[in-house]
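This report concerns only the one structure given below.
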Amino acid sequence: GAVVSQHPSRVICKSGTSVKIECRSLDFQATTMFWYRQFPKKSLMLMATSNEGSKATYEQGVEKDKFLINHASLTLSTLTVTSAHPEDSSFYICSATSTSGSTNEQFFGPGTRLTVL
Amino acid sequence: QKEVEQDPGPLSVPEGAIVSLNCTYSNSAFQYFMWYRQYSRKGPELLMYTYSSGNKEDGRFTAQVDKSSKYISLFIRDSQPSDSATYLCAMSESYQKVTFGTGTKLQVIP
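Chains W and D, in that order, are what the protein sequence lines are. Just so you know, the first sequence maps onto residues 10 to 126 in the numbering used here. Just so you know, the second sequence maps onto residues 50 to 159 in the numbering used here.
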């Protein structure tokens with residue numbers, strides 16, 4: 010099956026610093042990658058959709074300048090949380106859809122838990 | 050009104066029981082319906098995928114979609130303790146944006 014990895018799995022940082030999270034599709038090329046945020050006992054909230062080589066499309070209410078997304082290749086997308094604050098602490102999950110196939114199945118990464126002190 | 054409504058539970062059942070998980074939705078344009086399982090502190094994994102209305106069976110899992118009622122279900126037969134997880138329904142209009150339910154936490158007691 011299609012595998013998506015995320016790195017790091019857990020990060021703790023000080024307030025004001027920037028954190029970069031990587032999302033990689035390991036055995037397939039991803040047409041599109043998605044970034045979600047999940048709070049405890051809450052649903053996954055889509056933050057942005059990124060296509061390789063083009064600017065990400067952000068959901069309403071998501072700050073583009075705070076959550077920088079770069080989809081540099083068909084197997085890698087990065088999310089940078091700039092000037093992180095405690096309220097940015099959350100579980101960030103990426104997913105990817107394949108360039109092949111006719112379904113819109115999203116393959117999810119294992120998630121990155123960010124804690125901002 | 051949320052686009053997708055799902056009872057958060059928790060739902061506790063004895064091992065071997067049949068589990069029924071449900072979601073309702075308001076967007077009649079949804080065509081793709083999915084169920085994901087998420088273990089604690091892990092990413093979701095796809096369990097079932099259905100296009101439009103109907104039933105789909107895969108082992109102990111059966112997914113049902115009733116578009117006329119805007120209602121989808123996931124049934125788990127002969128539930129096992131390893132089925133204990135949060136189950137998220139998800140649906141989308143097209144290839145792209147997927148809308149998730151809040152998830153139902155299931156605990157199967159040995």
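All C-beta atoms, glycine included, are put in the ideal place defined by N, C-alpha and C.
Short Cβ contact (9 Å threshold) for Pro-59(D) with Gln-156(D): Yes.
- prompt: At which residues does the beta strand (DSSP E) containing Leu-55(W) begin and terminate?
  reply: 53-60
task: May I ask whether a heavy atom of the ligand FMN can be found less than 8 Å away from the beta carbon of Lys-51(D)?
output: This structure lacks the ligand FMN, and indeed carries no ligand of any kind.
- prompt: Would you say Lys-106(D) faces chain W, with C-beta separation under 9 Å as the test?
  reply: The sequence given here places Glu at residue 106(D); Lys does not occur at that position. Cβ-Cβ to chain W under 9 Å: no for Glu-106(D).
- prompt: Which residues, in chain order, does the region 77-99 of chain D contribute to contact with chain W at a C-beta distance below 9 Å?
  reply: Tyr-81, Met-83, Tyr-85, Gln-87, Arg-90, Lys-91, Gly-92, Pro-93, Glu-94, Leu-95, Tyr-98
query: Does the count of Cβ pairs from the region 22-37 of chain W and the region 84-97 of chain W closer than 8 Å reach three?
result: yes
message: Assuming the contact rule is C-beta atoms closer than 8 Å, Leu-123(D) and Ala-112(D) should be a hit. Round their C-beta distance to whole Å, please.
response: 5 Å
task: Tell me, please, which residues DSSP counts as bridged to Ile-78(W).
output: Leu-88(W)
query: Are Tyr-120(D) and Tyr-74(D) close, meaning C-beta to C-beta below 9 Å?
result: yes
- prompt: At a Cβ threshold of 9 Å, is Gly-118(W) touching chain D?
  reply: yes
- prompt: CB-CB under 6 Å to Val-20(W), same chain, minus the five flanking residues each way: which ones, in chain order?
  reply: Val-28, Leu-123, listed in sequence order.
query: What residues from the region 22-40 of chain W come within 9 Å of chain D, judged by C-beta to C-beta, listed N to C?
result: Residues of the region 22-40 of chain W whose Cβ lies closer than 9 Å to any Cβ of chain D, in chain order: Thr-40.
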